Structure formats: C-alpha cells, structure tokens
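The numbering of the sequence shown is the numbering used here, which starts it at 87 and goes up by one. The beta carbon of each residue, even a glycine, is placed where N, CA and C say it ideally should be. Quick caveat: nothing in here was measured; it's all calculated off a predicted structure.
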Amino acid sequence: MSEAPANAKTTVGELIRGVARQLSDAGVGFGHGTTNAHDEAAWLVLWQLGLPIDSPLDDDEPETVSHQPVSAEQQAQVAKLIEQRISTRKPAAYLTREAWLQGVPFYIDERSIVPRSFIAELLADGSIDEWLSEETRKVLDLCTGNGSLACLAAMTYPDVDVTGADISADALAVARINVDKHHLQDRVTLLQSDGMSLLGDGWDLVLCNPPYVNADSMSRLPDEYRAEPALALAGGADGMDFIRQLFRDLPSRMSPHAVLVLEIGNEKPFFEAAFPGLPVFWLDTSSGDEQVLLVTRQALSELNG
Numbered sequence: 087m088s089e090a091p092a093n094a095k096t097t098v099g100e101l102i103r104g105v106a107r108q109l110s111d112a113g114v115g116f117g118h119g120t121t122n123a124h125d126e127a128a129w130l131v132l133w134q135l136g137l138p139i140d141s142p143l144d145d146d147e148p149e150t151v152s153h154q155p156v157s158a159e160q161q162a163q164v165a166k167l168i169e170q171r172i173s174t175r176k177p178a179a180y181l182t183r184e185a186w187l188q189g190v191p192f193y194i195d196e197r198s199i200v201p202r203s204f205i206a207e208l209l210a211d212g213s214i215d216e217w218l219s220e221e222t223r224k225v226l227d228l229c230t231g232n233g234s235l236a237c238l239a240a241m242t243y244p245d246v247d248v249t250g251a252d253i254s255a256d257a258l259a260v261a262r263i264n265v266d267k268h269h270l271q272d273r274v275t276l277l278q279s280d281g282m283s284l285l286g287d288g289w290d291l292v293l294c295n296p297p298y299v300n301a302d303s304m305s306r307l308p309d310e311y312r313a314e315p316a317l318a319l320a321g322g323a324d325g326m327d328f329i330r331q332l333f334r335d336l337p338s339r340m341s342p343h344a345v346l347v348l349e350i351g352n353e354k355p356f357f358e359a360a361f362p363g364l365p366v367f368w369l370d371t372s373s374g375d376e377q378v379l380l381v382t383r384q385a386l387s388e389l390n391g
C-alpha cells in the first residue's frame, strides 16, 4: 500500500479526515470499540500522537486539538499504523494494546477477545441495581476474557467480591494484567474453568458474555472478528451451546435470590427458539433492548424442572 506524502501544514483534524477516507476506501470492518471510519481514525490518530482519546475535535473551535499541527515525522508514524490496520485487518485495539469500557482503559492483545460488552453500560447506569440487595456479596463474571467486566463490577460495587472465570489460560493472563493495572488484586479473583465445572456455589450475581455466534454467522464474520480467538465467539449451530449447558449447571450454584445477566448479541431469535417460554427481562442498552437479558435463579430452576 502506498503512503500519502506528508504535508508539513497538516493539522490533527485534517489528518483524521484523511485517515477516515483511507479506512473507508479499504473496506475495513468496525465493531471493536468504534462503529465507523471517522471514529476509528480519530482513535488511531490521537493514540499515535500521544493525545487523549477523548480530546475535543470541534473544527469550529480554534482552541481544540483539531487545529494542532502535525509534523512530517508524526504523519509518517500515523501512516505506518494505518497501513498495519488495513493490511492485517486486526482490530485497532490489538494495535494500540488498549480498549476502553465506560471510560476505563484496559490492556488487550490477541490472547483475548476485544472487550465491548453492553453489560458494562448496565453496571455503570445502575440498570441491574434493583435486582440486588445488601446480601449481594459474591459476583461471578463468567467468560471474563480480559477481565474488564470483573474489574468494572468491583469498581461499581465496593462491598462485593468478584471472581472472573474463563476456560482460556491465555485470556486469564491478560485479565491478570488488568486486575493488577487497576489495583484490584484484593477484590478480584481469577479462575480457570470450563463453564461452571470448577467453580463453587453461592453466587449472588452472575455476569456472562459467552460465545454465542451461530455457525452461519461465524462463517461470514469480517476479518477483524476472525483475528479474535474463535473460542470466545463460536456458540455452535444456533449459538446456544454454551448457554444450554450454563442453564443446566448454574441454578444449583446460585443463592436463592440471585440473577444472571447474559449478553446474546443478535441471537434473540435463536435464544427464544431454544428456551421457549422462559421468563426473562430484556435490558435497555445503547444498542437497543434485545442484546442483554436478565433471568432469575427461580426461572432457571423451573426451566430444568
């Protein structure tokens, strides 16, 4: 790929707009922290220039970062990063080694799925608080990946103990970096387990963003998603394999008034076909009310007869 010649008079705003055009023309895929070419360009340019990711970029305001000049050397550095993004089709977070959830930075690399769970929003806005009580003490983040939800849960609820569990030792190694990064070693425990197989009981709140992508969707994923561990995505023919086993194993491990908050992405039709009549509560997120659900221990127990 040929790199555009550097322009000594280029500003941050102009550079972002140029990078956005490159990304759009190259047909890269989004969905790992951004949803469009402009936002991804802003992320990569600001990161490479060492500027805050949330820098104001209003072109109409003369004091914003948009008007800051970018040297030829800096332009060359950005061009190299963008070439890597386009040629490898890796999510931007794998290149920057950083992802953000609810304004909190987390380390990430190819050993774990890029964190983007809508459950993070629900923790931040208190949407599930009405389901909890003063007795809520044990929180499980199942399929914890890089540990971001476990960390956010510990930050949100200072009186609980959080366990992050995952089948992948590689993912847990990344999670350890984040637990240490946020100084949560005394609050968050990390355990390797295939589902609930090696976990205890008495869980008051279970958070889970499991592998749920159905086989047909897996076969059509953009390259950016194929760069992630398939173990964290593939959920079998209808996407419900892990969830079926979880629903069988989990009720006996939950406290009497416990709830499960489960993310299923775009698989609501498959979920309802797999568990017809199961009473669940669909929770509002920035992506609508069909991505994340809440189900009680009682409902799961009745499902299993």
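>> If contacts are defined as beta-carbon pairs under 8 Å, then residue 197 and residue 239 qualify, I think. What distance do you get, rounded to the angstrom?
In response: Actually they do not touch by this definition, with Cβ atoms about 21 Å apart.
>> Less than 9 Å between the C-beta atoms of residue 131 and residue 102, yes or no?
In response: Result yes, Cβ atoms of residue 131 and residue 102 sit closer than 9 Å.
> Going by Cα to Cα distance, which pick from 221, 229 and 298 is closest to residue 254?
Replying inline: 229
>> Starting from residue 357, trace the alpha helix (DSSP H) in both directions and tell me its first and last residue.
In response: Bounds of the alpha helix (DSSP H) holding residue 357 are 354 to 360.
> To which residues of the same chain is residue 261 closer than 6 Å at the C-beta, ignoring the five residues directly before and after it?
Replying inline: Answer for residue 261: 230, 232, 233, 250 and 276, listed in chain order.
>> According to DSSP, is residue 293 part of a helix, a strand, or is it coil?
In response: strand
> Grouping DSSP H, G and I as helix and E and B as strand, with all else coil, what is residue 211?
Replying inline: helix
>> Quick check: what's the CA-CA separation for residue 332 versus residue 263?
In response: 27 Å
>> Does residue 343 come out as helix, strand or coil in the three-state DSSP assignment?
In response: strand
> alpha helix (DSSP H) containing residue 248: first to last residue?
Replying inline: Taken as a continuous stretch (DSSP letters only), residue 248 belongs to no alpha helix (DSSP H), being part of the beta strand (DSSP E) at 247 to 252.
> Quick one, which of 169, 265 and 100 has its alpha-carbon nearest residue 273's?
Replying inline: 265
> Among the residues of its own chain, which have a CB less than 7 Å from the CB of residue 141, if the five just before and after it don't count?
Replying inline: If we look at residue 141 and ignore the five residues flanking it on each side, its Cβ neighbours are 132 and 151.
>> What would DSSP say about residue 379, mapped onto helix, strand or coil?
In response: strand
>> Helix, strand or coil, according to DSSP, for residue 97 in the structure here?
In response: strand
> For the region 134 to 179, which segments carrying the alpha helix (DSSP H) assignment without a break, of at least 4 residues, lie completely within its bounds, in sequence order?
Replying inline: Segments of the alpha helix (DSSP H) lying fully in the region 134 to 179: 158 to 174.
>> Quick check: what's the CA-CA separation for residue 325 versus residue 129?
In response: 31 Å
> At which residues does the alpha helix (DSSP H) containing residue 333 begin and terminate?
Replying inline: Unbroken alpha helix (DSSP H) run through residue 333: 327 to 335.
> For residue 281, which residues of its own chain have a beta-carbon under 8 Å away from its beta-carbon, when the five flanking residues on both sides are left out?
Replying inline: Cβ within range, chain order: 228, 253, 328, 331, 332 and 335.
> What is the DSSP secondary structure of residue 90, reduced to helix, strand or coil?
Replying inline: Low confidence applies here, because residue 90 scores a pLDDT of 49, under 50, leaving its location unreliable; read the following figure in that light. Residue state, collapsed to three classes: coil.
> Does the separation of the CB atoms of residue 154 and residue 97 fall below 9 Å?
Replying inline: yes
> Are the CB atoms of residue 185 and residue 201 nearer to each other than 9 Å?
Replying inline: yes
>> Contact defined as beta carbons within less than 8 Å: I believe residue 350 pairs with residue 379. What is the distance between those atoms, to the nearest angstrom?
In response: 7 Å
> For the putative contact between residue 127 and residue 105, defined by C-beta atoms under 8 Å, what is the C-beta separation to the nearest angstrom?
Replying inline: So it is a contact: roughly 4 Å between Cβ atoms.
>> I'd like the list of long-range same chain contacts for residue 143, defined as Cβ closer than 8 Å, with 5 residues on each side in sequence excluded.
In response: 98, 99, 102, 128, 150, 151 and 152
>> I believe residue 386 touches residue 342 by the beta-carbon criterion, under 8 Å. Please report the beta-carbon distance rounded to the nearest angstrom.
In response: The Cβ separation is near 12 Å, so there is no contact.
>> Considering only their Cβ atoms, is the gap separating residue 246 from residue 292 smaller than 9 Å?
In response: no
>> Going by C-alpha to C-alpha distance, which of 123, 320, 162 and 145 sits closest to residue 135?
In response: 162
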